[in-house]
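Enquirer: For reference, the structure I am asking about is given below.
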Amino acid sequence: MKILGIIPARYASSRFPGKPLVDIGGKTMIQRVYEQAKKCLSLSEVIVATDDDRIFNHVNSFGGVAVMTGANHQSGTDRCAEVARLHPGYDVIINIQGDEPFIDPEQITKLTTCFNDQDTQLATLVKRILTEQELHNANSPKVVINKLSEAIYFSRATLPHIRGQEPENWLEFHAFFKHIGIYGYRADVLQEVTKLPVSPLEKAESLEQLRWIDNGYRIKVAETELETHAVDVPEDLEKLKFDI
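Numbering-wise, our numbering puts 1025 at position 122 of the sequence shown, and it's gapless, one number per residue.
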């Protein structure tokens, strides 16, 4: 398989403008993400997809590969689809989050192995939830998984509901999983899902992967034991100091 890793990177983040270029221990966030992705031997190539000249020029300055994309994409998936159209010949596209500067290459590799099964259309990662605080955190989407290791629903609510038990005890009765936001797509499936209209489930939860499920696509799931540390707001940078 030829696998292309794409890192979508926007400058105009509403909660953290200029986030890809923020300095983290002497390197920008986007450089750290790029260098971690390049360590993944499963990827044939890694490309930063951006709509901003500053990010484009910076990636080129440290020897990375960047592509300018349109400015009106609604999601990283849409941005990945544009880059994939410009780079035909790849079997699988991996969408690597541009705000996780210390992503472990092992996680990317684990996701790519989902596509060893020719029936896999889309794939993502999950991690088992171990604390009550995380279980009931609405900012951390949960994933319901079937016996085929496929995601059958994503929700900001805590699912499934454990009937007859107090919420603080739910972890004793069921294995809950949170979503780790890295995606893989068959190249043709990526182009298909970006043409789908927003679905009712996606609109309700504000989770784009529900659009795929709503339209009958199957999402393979691999479990990781590694934690990720995303930077959503400037305050999140403080949590990264131990990683530098």
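No residue lacks a Cβ here, since even glycine has one placed at the ideal position from N, Cα and C.
1. Grouping DSSP H, G and I as helix and E and B as strand, with all else coil, what is Ile1083?
2. Does Asp1022 come out as helix, strand or coil in the three-state DSSP assignment?
3. What three-state label does DSSP hand Phe1057 in the structure shown?
4. Which residue marks the beginning of the beta strand (DSSP E) containing Leu1104, and which one marks its end?
5. Using a Cβ-Cβ cutoff of less than 7 angstroms, which residues in the same chain neighbour Gly1067 once the five nearest sequence positions on both sides are dropped?
6. Give me the Cβ distance between Thr1127 and Lys1030, rounded to the nearest whole Å; I'm assuming they're in contact under 8 angstroms.
7. Taking a contact to mean a Cβ-Cβ separation below 8 angstroms, would you say Tyr1088 touches Ile996 in this structure?
8. Let me know if Asn1019 comes out buried or exposed under the rule of 16 or more other beta-carbons within 10 Å of its beta-carbon.
9. What does Leu907 pair with, by DSSP beta-bridge criteria?
10. Are there 16 or more other CB atoms within 10 angstroms of the CB of Ile906, so buried, or fewer, so exposed?
11. By Cβ distance below 7 angstroms, which residues in the same chain neighbour Thr1131 in space, the five residues on each side in sequence not counted?
12. Looking at the structure shown, is Phe1145 part of a helix, part of a strand, or coil, going by DSSP?
13. So, using beta-carbon positions, are Ala969 and Asn975 closer together than 8 angstroms?
14. Give the C-beta separation of Leu1014 and Leu1025 to the nearest angstrom, bearing in mind that I take them to be a contact with Cβ-Cβ under 8 angstroms.
15. Just to confirm before moving on: does the CB-CB distance between Arg1059 and Pro1044 stay below 8 angstroms?
16. Give me whichever residues DSSP pairs with Thr953 in a beta bridge.
17. Taking Thr980 and Thr1097 to be in contact with their CB atoms under 8 angstroms, please state how far apart those CB atoms are, rounded to whole angstroms.
18. According to DSSP, simplified to helix, strand and coil, what is Asp926?
19. By a C-beta neighbour count over all protein chains shown, 10 Å radius and 16 as the cutoff for buried, is Phe1076 buried or exposed?
20. Where does Leu1140 fall in DSSP's three states?
21. Determine the DSSP secondary structure at Leu1051, reduced to helix, strand or coil.
22. Would you tell me roughly how many angstroms separate the C-alpha atoms of Ala1133 and Met932, rounded to the nearest one?
23. Note the first and the last residue of the continuous alpha helix (DSSP H) segment covering Ala1078.
24. Around the Cβ of Ile1147, are there at least 16 other Cβ atoms within 10 angstroms (buried) or fewer (exposed)?
25. Would you check if the distance between the CB atom of Lys1123 and the CB atom of Thr1012 is smaller than 8 angstroms?
26. Report the rounded CA-to-CA distance for Ala1192 versus Gln934, giving the unit in angstroms.
Expert: Judging by the given coordinates:
1. Locating residue 1083 in the sequence shown gives position 180, counting from the first residue. Three-state DSSP puts Ile1083 in a strand.
2. Here residue 1022 refers to the residue found at position 119 of the sequence shown. Coil at Asp1022, not helix or strand.
3. Mapped onto the sequence shown, residue 1057 falls at position 154. Residue state for Phe1057 is assigned as strand, using DSSP reduced to three classes.
4. As a first step, residue 1104 is located in the sequence shown; it is residue number 201 there, counting from the start. Leu1104 -> not in any beta strand (DSSP E); alpha helix (DSSP H) instead, spanning Pro1103 to Glu1108.
5. Taking the sequence shown and counting its residues from 1, one reaches residue 1067 at position 164. Hits under 7 angstroms: none found.
6. For this step, residue 1127 is matched to residue 224 along the sequence shown. For this step, residue 1030 is matched to residue 127 along the sequence shown. Contact between Thr1127 and Lys1030 is confirmed by a C-beta separation of about 5 angstroms, below the 8 angstroms threshold.
7. By one-based count along the sequence shown, residue 1088 stands at place 185. By one-based count along the sequence shown, residue 996 stands at place 93. Contact flag set, yes.
8. The residue given as residue 1019 occupies position 116 in the sequence shown. Its Cβ having fewer than 16 others within 10 Å, Asn1019 is exposed.
9. Counting from 1 along the sequence shown, the entry for residue 907 is found at position 4. Beta-bridge pairing links Leu907 to Glu948 and Ile996.
10. If you number the sequence shown from 1, residue 906 lands on position 3. With 16 or more other Cβ atoms from the protein chains shown falling within 10 Å of its own Cβ, Ile906 counts as buried.
11. In the sequence shown, counting from the first residue as 1, residue 1131 sits at position 228. Excluding its 5 nearest sequence neighbours in each direction, Thr1131 has C-beta neighbours in its own chain below 7 angstroms: Glu1003, Ile1006 and Ile1083, listed in chain order.
12. Taking the first residue of the sequence shown as position 1, residue 1145 is located at position 242. With a pLDDT of 49 at Phe1145, under the threshold of 50, the modelled position of this residue cannot be trusted, and the question is left open.
13. For the purposes of this step, residue 969 is taken as residue 66 along the sequence shown, with counting starting at 1. For the purposes of this step, residue 975 is taken as residue 72 along the sequence shown, with counting starting at 1. The answer is no: Cβ separation not under 8 angstroms.
14. Numbered from 1 along the sequence shown, position 111 holds the residue referred to as residue 1014. Numbered from 1 along the sequence shown, position 122 holds the residue referred to as residue 1025. Not really, about 11 angstroms apart at Cβ, beyond 8 angstroms.
15. Sequence index remark: in the sequence shown, residue 1059 carries index 156 (1-based). Sequence index remark: in the sequence shown, residue 1044 carries index 141 (1-based). If you check the CB distance, Arg1059 and Pro1044 come in under 8 angstroms.
16. Locating residue 953 in the sequence shown gives position 50, where the first residue counts as 1. Beta-bridge pairing by DSSP links Thr953 to Ala912 and Met971.
17. Within the sequence shown, residue 980 is the residue found at index 77, counting from 1. Within the sequence shown, residue 1097 is the residue found at index 194, counting from 1. Cβ atoms of Thr980 and Thr1097 come within 8 angstroms of each other, at about 6 angstroms.
18. Indexing the sequence shown from 1 puts residue 926 at position 23. Strand, per DSSP.
19. Here residue 1076 is taken as the residue at index 173 of the sequence shown, counted from 1. Burial call: exposed.
20. Working through the sequence shown from its first residue, we reach residue 1140 at position 237. In the structure shown, Leu1140 sits in a helix (DSSP, three-state: H, G or I).
21. Residue numbering aside, residue 1051 sits at position 148 when the sequence shown is read from its first letter. Three-state DSSP puts Leu1051 in coil, outside helix and strand.
22. One-based indexing of the sequence shown puts residue 1133 at position 230. One-based indexing of the sequence shown puts residue 932 at position 29. Met932 has its alpha-carbon roughly 11 angstroms from the corresponding atom of Ala1133.
23. Indexing the sequence shown from 1 puts residue 1078 at position 175. It is not in any alpha helix (DSSP H) - Ala1078 carries neither H nor E in the DSSP assignment.
24. Residue mapping note: residue 1147 aligns to position 244 of the sequence shown, counting from 1. Reliability fails at Ile1147, whose pLDDT of 49 lies under 50, so the model's placement of it is uncertain and the value that follows must be treated cautiously. By the beta-carbon neighbour count (other beta carbons within 10 angstroms, threshold 16), Ile1147 is exposed.
25. Looking up residue 1123 in the sequence shown gives position 220. Looking up residue 1012 in the sequence shown gives position 109. The answer is no: Cβ separation not under 8 angstroms.
26. Outside the modelled stretch of the chain, which goes from 904 to 1147, sits residue 1192, for which no answer is possible.
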